[in-house]
Amino acid sequence: MAEQAKAAPRPPIESGCPDGFQYMHPLMIKNFGNWAYHDRPRPGVLHHVAKNGDEIWTVRVGTQRQLGPYEINLLCDIIDQFGEGYVRFTIRSNMEIMVSNADKVEPLIQAFNDAGYPVGGTGNSVTMISHTQGWLHCDIPGTDASGVVKALMDELYEEFTHERMPNRVHITTSCCQINCGGQGDIAINVQHTKPPKINHDLVANVCERPTVVARCPVAAIRPAIVNGKPSLEVDEKKCICCGACFPPCPPMQINDPEHTKLAIWVGGKHSNARSKPSFHKLVAAGIPNNPPRWPEAAAIVKNILRVYQEDALEWERVGDWVERIGWPRFFELTELPFTKYHIDNWTGSRYTLNASTHIRF
Amino acid sequence: MAEKPKNPDKHSTYMPKEKKSSKPFHNTPMLDQLESGPWPSFVTGLKRMAMDNNMMVDLLGQLEHSYKTRLGYWKGGTVSVFGYGGGIIPRFTELMGADGKAMFPEAKEFHTLRVQPPAGNHYTTDMLRQLSNSWDKYGSGLIAFHGQTGNIMFIGTTSENTQHFFDEINEYGWDLGGAGPCVRTGMSCVGAARCEQSCANEHKIHRLLVNNFMDDMHRPALPYKFKFKVSGCPNDCMNSIHRADFAVIGTWRDDMKVDQKEVKAYVGRKGRKYVIDNVVGRCPTNALSLNDDDTLAVDNRNCVRCMHCINVMTKALSPGDDKGVSVLMGGKRTLKIGDTMGTVVVPFMKLDTDEDYEKLVEIAENTIDFFAENALEHERTGEMIERIGLVNFLEGVGIDVDPNMINFPRTSSYVRLDDWDVEAEKWNQRKAKAAG
Numbered sequence: 020m021a022e023q024a025k026a027a028p029r030p031p032i033e034s035g036c037p038d039g040f041q042y043m044h045p046l047m048i049k050n051f052g053n054w055a056y057h058d059r060p061r062p063g064v065l066h067h068v069a070k071n072g073d074e075i076w077t078v079r080v081g082t083q084r085q086l087g088p089y090e091i092n093l094l095c096d097i098i099d100q101f102g103e104g105y106v107r108f109t110i111r112s113n114m115e116i117m118v119s120n121a122d123k124v125e126p127l128i129q130a131f132n133d134a135g136y137p138v139g140g141t142g143n144s145v146t147m148i149s150h151t152q153g154w155l156h157c158d159i160p161g162t163d164a165s166g167v168v169k170a171l172m173d174e175l176y177e178e179f180t181h182e183r184m185p186n187r188v189h190i191t192t193s194c195c196q197i198n199c200g201g202q203g204d205i206a207i208n209v210q211h212t213k214p215p216k217i218n219h220d221l222v223a224n225v226c227e228r229p230t231v232v233a234r235c236p237v238a239a240i241r242p243a244i245v246n247g248k249p250s251l252e253v254d255e256k257k258c259i260c261c262g263a264c265f266p267p268c269p270p271m272q273i274n275d276p277e278h279t280k281l282a283i284w285v286g287g288k289h290s291n292a293r294s295k296p297s298f299h300k301l302v303a304a305g306i307p308n309n310p311p312r313w314p315e316a317a318a319i320v321k322n323i324l325r326v327y328q329e330d331a332l333e334w335e336r337v338g339d340w341v342e343r344i345g346w347p348r349f350f351e352l353t354e355l356p357f358t359k360y361h362i363d364n365w366t367g368s369r370y371t372l373n374a375s376t377h378i379r380f
Numbered sequence: 007m008a009e010k011p012k013n014p015d016k017h018s019t020y021m022p023k024e025k026k027s028s029k030p031f032h033n034t035p036m037l038d039q040l041e042s043g044p045w046p047s048f049v050t051g052l053k054r055m056a057m058d059n060n061m062m063v064d065l066l067g068q069l070e071h072s073y074k075t076r077l078g079y080w081k082g083g084t085v086s087v088f089g090y091g092g093g094i095i096p097r098f099t100e101l102m103g104a105d106g107k108a109m110f111p112e113a114k115e116f117h118t119l120r121v122q123p124p125a126g127n128h129y130t131t132d133m134l135r136q137l138s139n140s141w142d143k144y145g146s147g148l149i150a151f152h153g154q155t156g157n158i159m160f161i162g163t164t165s166e167n168t169q170h171f172f173d174e175i176n177e178y179g180w181d182l183g184g185a186g187p188c189v190r191t192g193m194s195c196v197g198a199a200r201c202e203q204s205c206a207n208e209h210k211i212h213r214l215l216v217n218n219f220m221d222d223m224h225r226p227a228l229p230y231k232f233k234f235k236v237s238g239c240p241n242d243c244m245n246s247i248h249r250a251d252f253a254v255i256g257t258w259r260d261d262m263k264v265d266q267k268e269v270k271a272y273v274g275r276k277g278r279k280y281v282i283d284n285v286v287g288r289c290p291t292n293a294l295s296l297n298d299d300d301t302l303a304v305d306n307r308n309c310v311r312c313m314h315c316i317n318v319m320t321k322a323l324s325p326g327d328d329k330g331v332s333v334l335m336g337g338k339r340t341l342k343i344g345d346t347m348g349t350v351v352v353p354f355m356k357l358d359t360d361e362d363y364e365k366l367v368e369i370a371e372n373t374i375d376f377f378a379e380n381a382l383e384h385e386r387t388g389e390m391i392e393r394i395g396l397v398n399f400l401e402g403v404g405i406d407v408d409p410n411m412i413n414f415p416r417t418s419s420y421v422r423l424d425d426w427d428v429e430a431e432k433w434n435q436r437k438a439k440a441a442g
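Chains as they are written, first to last, in the numbering used here: chain A, 20 to 380; chain B, 7 to 442.
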């Protein structure tokens, strides 16, 4: 064993989640737990005031999330020259640069803009789209993630740098129906439309068959002998084309250049503000998965945003707005077709039906 | 749209003059279309890296192929570092030419290391540069800040270099996160470090909980993943109710604070109609009323701490002083039974003393023990609770029922109530004990 001849392997230091205080802006350490209020002097800038009167300004910058050495050094050079060397990231991959002096804000913004980076994403803007890995790195993706986000953020650039929506808009993307991108005011997610195509020659060697059978949410998969080999077969009438069998069994290919489509969902909300948190709901499907710029999906998203901007009241998130105006009006205003597929038939779905005479005419 | 850069050498569109990688670029007509437009382009970023290393040249080749065929070409495998069983997402190319060899051989291994960020995602520029330099040495150079579970994703390296890179960054304070059926990397909001709405020490909760389970993170042996997320207030910026098996959310139980002078100033500035329409009228429990003298009356007993009015009137209104946390369990996305949100399991607990924090850790330990013993393979906590019922789960982890856990009581009469008197007596005793 050649390995044993080498030096003993290094045991890991199981240090876990690092202490953030070692990288934190000194004013944030000093005033930890003692902030009084905040306001937003302009889009992309937060201003927090501590109980003792200390003030900190935060400049929020949009990035491409996937950063290389050049971008990291370019952004760090700007932060070192115009900021104070401290940065954090939001959950939506925006950078936040903290400074202790109002005079530093405008030069910092100018420097980011000069380097091609937008400042925005605060308050009632369309902030950065949360995205997943897609074709770049995932093992089961139906589409790309970075590309969809780049294409859409190009279209929504002005909405990132301005605060002119009724309330904040969180858009998410997901490359399969597992939906790693999460809930969104608007979510653009892969939706498969055909059962998996099975390579029966590989199933026995690659897949743990009982695991795959157990993974199916509708019990549509059963063991079978195909061409004399142990394999799996799918009851295509039962199959809901969710793709849950594909990760544990790659020979059950769910992705298809034509039949893997995109669907758009609206009204997801994580916050407890006003209404309780909500899931997003299906509004459009059958949208072509059309790289490199996915124009059909982008057009629907922009249309929904336009109607929301025109019709929603201040502070209404997309879901709050639809709750007020009702779903019939949503489909009327957006001119999206309402189909039998919008009516849920999954477990517990009776609670999604209208059991009242509350109807808007 | 983007204007012509003033300084092209310091710009997101910059391309190095000198190509150091030996392999020529593949044609990438589709990806090239993602280089235009005002948003910073990840494709330009990948190309810059490809000027430096052959792995990125071939990565661009494979990605373009995916764009053309609309299919992905990565498969998983088993790669780890010495002493750990998880934390790395192995990727091997499946894209083979007619000769059976990889079409893009320099990127045939393209593994990701998941590394835990500091609580609150704070960095100094020095540390970002140091991490970037280490990754440039052992990997593709590409880093995502951050993945959807919260990890720093160091994307693209060979099996051999995963160990070298980990050894280097582990020495200066960074540890792998979770991947597979294990406790996963946690997330916490900026919280008390910069937010007046924070009702908890998110930083401490995050590190205390997650770092207590390092063995369960680094050596995946649970039925499925288990995620902790910590939000400092009910705005839940960490999306924990939807996305965490164990969500800790800051809240308060005394009266919210009202600075009536600031309320009056706000009404003076925005007008009565604005305040009635956007603050009073948007309270979900009608707990607010604007008085004739432009002060605000609050029915604190019926306030559900939704945060809306505090979000709007940041200077006049704020959370109360008697702060603590709510714990919700069982949030997850679709796979397999459909979406579940977290359910209230602990309506309120104080987090002031060491004993309080120990109690929180104990609840987490009991939950993970119960999950490990009782969940089916590939079943999340929320699905397990759905399958066995909330009451069985609560009895398993030793937590008493509480009406805050439900939207409304049972509506179906198809249930056996044999021990009703015994259960009613338990409630009476708990009530008497709470009353002292």
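We put the beta carbon where it would ideally sit given N, CA and C, even for glycine.
- Looking at the backbone, the Cα of residue 203/A and that of residue 229/A are separated by about 34 Å.
- Nearest to residue 113/A by C-alpha distance, out of 407/B, 350/B, 150/B, 15/B, is 150/B.
- In terms of beta-carbon proximity, residue 349/B stays away from the interface with chain A, with every pair separated by 8 Å or more.
- By the neighbour-count definition (other C-beta atoms within 10 Å, threshold 16), residue 152/A is a buried residue.
- Contact of residue 55/B with chain A is assigned, a C-beta pair being separated by under 8 Å.
- For the pair of segments examined, the segment 176 to 194 of chain B was found to touch the segment 228 to 235 of chain B: the number of CB pairs separated by less than 8 Å reaches three.
- Counting only residues of its own chain and dropping the five nearest sequence neighbours on each side, residue 243/A has a CB closer than 7 Å to the CB of 250, 251, 252.
- Contact between residue 91/A and residue 134/B holds: their C-beta atoms lie close to 6 Å from each other, under 8 Å.
- For the segment 44 to 67 of chain A, the residues whose beta carbon sits under 9 Å from a beta carbon of chain B are, in order, 44, 46, 47, 48, 50, 51, 52, 53, 54, 55, 56, 57, 58, 65, 67.
- Taking a Cβ-Cβ cut-off of 9 Å, residue 338/A has no neighbours in chain B, whose nearest Cβ is about 13 Å from it.
- DSSP, read as helix, strand or coil, puts residue 160/B in strand.
- When the five nearest sequence neighbours on each side are left out, the beta carbons in the same chain lying within less than 8 Å of the beta carbon of residue 241/A are those of 232, 251, 252, 254, in order along the chain.
- Counting only Cβ-Cβ distances below 8 Å, residue 85/A has contacts in chain B at 48, 51, 52, 148, 149, 150, 161, in chain order.
- Annotation: Cβ neighbours of residue 124/B in chain A (cutoff 8 Å, chain order): 36, 37, 38, 39, 41, 42.
- Within chain A, no C-beta atom comes less than 8 Å from the C-beta of residue 32/B; the nearest is roughly 15 Å away.
- For the segment 318 to 341 of chain B, residues whose beta-carbon sits nearer than 8 Å to a beta-carbon of chain A comprise 318, 320, 321, 324, 339, 340, 341.
- Within chain A, the residues 33, 35 have their CB atoms less than 7 Å from the CB of residue 220/B, given in chain order.
- Of the residues assessed, residue 68/B falls on the buried side of the cut-off, its CB having 16 or more other CB atoms within 10 angstroms.
- Between residue 182/A and residue 62/A, the C-beta spacing is below 8 Å.
- Per DSSP, reduced to three states, the secondary structure at residue 298/A is coil, with no helix or strand assignment.
- Assigned with DSSP and collapsed to three states, residue 346/A falls in helix.
- Under the Cβ criterion (8 Å, minimum of three pairs), the segment 29 to 43 of chain A counts as touching the segment 114 to 125 of chain B.
- Counting only residues of its own chain and dropping the five nearest sequence neighbours on each side, residue 49/B has a CB closer than 6 Å to the CB of 37, 40, 41.
- Taking residue 209/B as the centre and dropping the five residues before and after it, the same chain places the C-beta of 125, 126, 194, 197, 198, 199 closer than 8 Å to its C-beta, in chain order.
- The criterion of a C-beta distance shorter than 8 Å is satisfied by residue 131/B and residue 104/A.
- The criterion of a C-beta distance shorter than 8 Å is satisfied by residue 168/B and residue 119/B.
- Listed in chain order, the non-local C-beta contacts of residue 61/B below 7 Å within the same chain comprise 112, 113, 146, 162, local neighbours out to five positions each way being set aside.
- The beta-carbon of residue 180/B is placed less than 8 Å from the nearest beta-carbon of chain A.
- Looking at the backbone, the Cα of residue 212/A and that of residue 258/A are separated by about 10 Å.
- What residue 69/B touches in chain A, judged by beta-carbon distance under 7 Å, is 154, 155, going in chain order.
- Counting only runs of 4+ residues, the alpha helix (DSSP H) found wholly inside the segment 113 to 196 of chain B occupies 131 to 144, 165 to 177, in chain order.
- Of the other Cβ atoms in all chains shown, fewer than 16 fall within 10 Å of the Cβ of residue 427/B; this residue is therefore exposed.
- With contacts defined as CB atoms closer than 8 Å, residue 347/A and residue 73/B fail to qualify as a contacting pair.
- Measuring C-alpha to C-alpha distances from residue 176/A to each of 185/A, 130/A, 136/A identifies 136/A as the nearest.
- DSSP places residue 210/A in the uninterrupted beta strand (DSSP E) bounded by 205 to 211.
- Residue contact check for residue 364/B against chain A: no CB pair falls below 8 Å.
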